[in-house]
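Numbering (the numbering used here), first residue to last: 92 to 191. We put the beta carbon where it would ideally sit given N, CA and C, even for glycine. Okay, so here's the structure we're looking at.
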């Protein structure tokens with residue numbers, strides 16, 4: 092998963108959590124037992140989602156850093172092979188874009 096799509100996923104999940112929190116806050120004035128019970132369950136779910144989101148973000152950041160570190164190490168260990176791969180990718184992209 093690219094860093095941009097990871098960031099988009101995290102931002103989308105944050106928006107969902109914020110919307111759920113707003114919904115819980117909007118029902119705060121309703122004092123019926125059913126509403127209170129639903130609000131309590133929603134509050135618990137939002138707290139769990141927030142904790143899980145924090146774990147997911149930390150895990151994705153660790154993975155992205157590990158991939159970046161591996162790629163950097165590969166390029167340092169194999170500079171000429173890396174140049175060849177980059178040139179081949181450039182040629183393929185050039186051919187694909189040239190067909191338009």
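| Check | Outcome |
| --- | --- |
| Going by beta-carbon coordinates alone, are residue 144 and residue 104 separated by less than 9 Å? | yes |
| Looking at residue 132 and the ligand FAD, is the gap between the Cβ and the nearest heavy atom below 8 Å? | This structure lacks the ligand FAD; in fact it carries no ligand of any kind. |
| Cα separation between residue 159 and residue 148? | 16 Å |
| Does the contact criterion of 3 or more C-beta pairs under 8 Å hold for the stretch 126–142 versus the stretch 105–116? | yes |
| So for residue 193, helix, strand or coil by DSSP? | Residue 193 is absent from the structure shown; the chain starts at 92 and stops at 191. |
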